[in-house]
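Data block below; observations after.
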Ligand SMILES: [Fe+2]
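Residue numbers (our numbering): 358 to 686.
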């Protein structure tokens with residue numbers, strides 16, 4: 358009989374994060390320093406104001422712009438460190454200033470150009486939304502990257518919105534730490550968007566009948582519908598067992614002139630925000646149940662199970678985390 362392995366290893370996929378990384382204070386502190394204290398992080402999109410702020414793992418990021426110059430600081434109690442600030446299209450990213458490490462474009466590879474194009478649709482901002490989860494931030498990231506949970510967790514929301522033969526029409530790309538998934542919309546859903554487009558004359562970055570999300574390590578993803586609507590999401594760690602999912606809807610139009618057009622845009626945006634909230638309300642109990650159950654299965658060997666071909670982006674995330682934490686991947 359062999360002793361249980363703390364770090365389950367799969368022949369083709371490499372190492373996964375130790376289980377305690379999902380609940381221990383020590384792992385949370387390590388992530389604050391080595392992941393959130395080093396990586397490029399999505400901060401937001403400037404609209405009316407010249408200031409953006411974000412809080413991740415106890416670090417507070419404050420960014421200001423003055424003309425074309427952007428600068429900022431990272432506050433950690435009394436410790437104040439300068440930020441490097443850069444943008445990809447309209448998306449503003451920052452990291453604690455350092456001599457080494459990738460440029461923002463390198464960090465976003467191979468999606469920098471596509472993200473910049475999509476970010477041009479970051480107009481007509483709706484108010485940001487934050488939804489608290491009683492779960493480790495990585496459980497939310499894993500949930501997002503699980504391309505197969507639509508039919509089980511979202512049987513009445515996402516599942517009917519995507520093509521019935523979604524297995525054939527789901528395209529998943531993996532590029533190390535970053536990845537992209539897209540689902541072809543069901544004909545009825547694509548038709549709904551086409552009618553919306555006819556009424557609102559939406560701005561489109563691509564003629565694509567997809568629901569797509571592009572994940573950027575460690576905690577950002579941009580969801581898009583129909584090559585029009587863009588929804589940046591960021592998962593903010595709050596505590597080892599708590600996180601906030603922050604997102605903002607942009608329903609971009611090429612013109613909003615009449616009161617009737619503006620009213621229709623308002624009601625459509627409200628409907629989309631409510632729908633997204635319903636989907637997140639379906640994900641939240643799953644993530645929270647996973648969080649509750651995780652410590653109890655820590656010593657059971659092989660309990661991580663076997664990941665399918667398209668689920669390997671979850672393992673890619675684990676390996677990117679291990680690299681960033683300085684552990685052997
Ligand atoms: Fe979900």
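Every residue, glycine too, gets a C-beta built ideally from N, C-alpha and C.
Does DSSP put residue i in a helix, in a strand, or in coil?
{"i": "residue 589", "result": "strand"}
{"i": "residue 373", "result": "coil"}
{"i": "residue 615", "result": "coil"}
{"i": "residue 583", "result": "coil"}
{"i": "residue 678", "result": "helix"}
{"i": "residue 671", "result": "helix"}
{"i": "residue 467", "result": "coil"}
{"i": "residue 683", "result": "coil"}
{"i": "residue 644", "result": "helix"}
{"i": "residue 401", "result": "strand"}
Starting from residue i and walking both ways along the alpha helix (DSSP H), at which residues does that stretch end?
{"i": "residue 547", "result": "544 to 557"}
{"i": "residue 519", "result": "Per DSSP, residue 519 belongs to no alpha helix (DSSP H) and is neither H nor E."}
Bridge partners for residue i per DSSP, in chain order?
{"i": "residue 482", "result": "607"}
{"i": "residue 535", "result": "532"}
{"i": "residue 571", "result": "537, 579"}
{"i": "residue 301", "result": "Examination of residue 301 is not possible in this model, given that the chain is present from 358 through 686 alone."}
{"i": "residue 594", "result": "600"}
Is residue i close to ligand 1? I mean its beta-carbon at under 7 angstroms from any heavy atom of the ligand.
{"i": "residue 498", "result": "no"}
{"i": "residue 513", "result": "no"}
{"i": "residue 506", "result": "yes"}
{"i": "residue 510", "result": "yes"}
{"i": "residue 647", "result": "no"}
{"i": "residue 640", "result": "yes"}
{"i": "residue 486", "result": "no"}
{"i": "residue 437", "result": "no"}
In terms of residues, what are the limits of the beta strand (DSSP E) holding residue i?
{"i": "residue 412", "result": "408 to 413"}
{"i": "residue 423", "result": "416 to 423"}
{"i": "residue 433", "result": "426 to 433"}
{"i": "residue 456", "result": "That residue, residue 456, is in no beta strand (DSSP E); it is neither H nor E in DSSP."}
Does the pairing of the segment 558 to 570 with the segment 579 to 596 give three or more beta-carbon distances under 8 angstroms?
-> yes
Segment contact, 8 angstroms Cβ cut-off, at least three pairs: the segment 588 to 599 with the segment 480 to 499 = yes
How do the segment 479 to 487 and the segment 540 to 555 stand: do at least 3 beta-carbon pairs fall below 8 angstroms, yes or no?
-> no
Determine, using beta-carbon pairs with one atom in the segment 457 to 474 and one in the segment 616 to 629, whether at least three such pairs fall under 8 angstroms.
-> no
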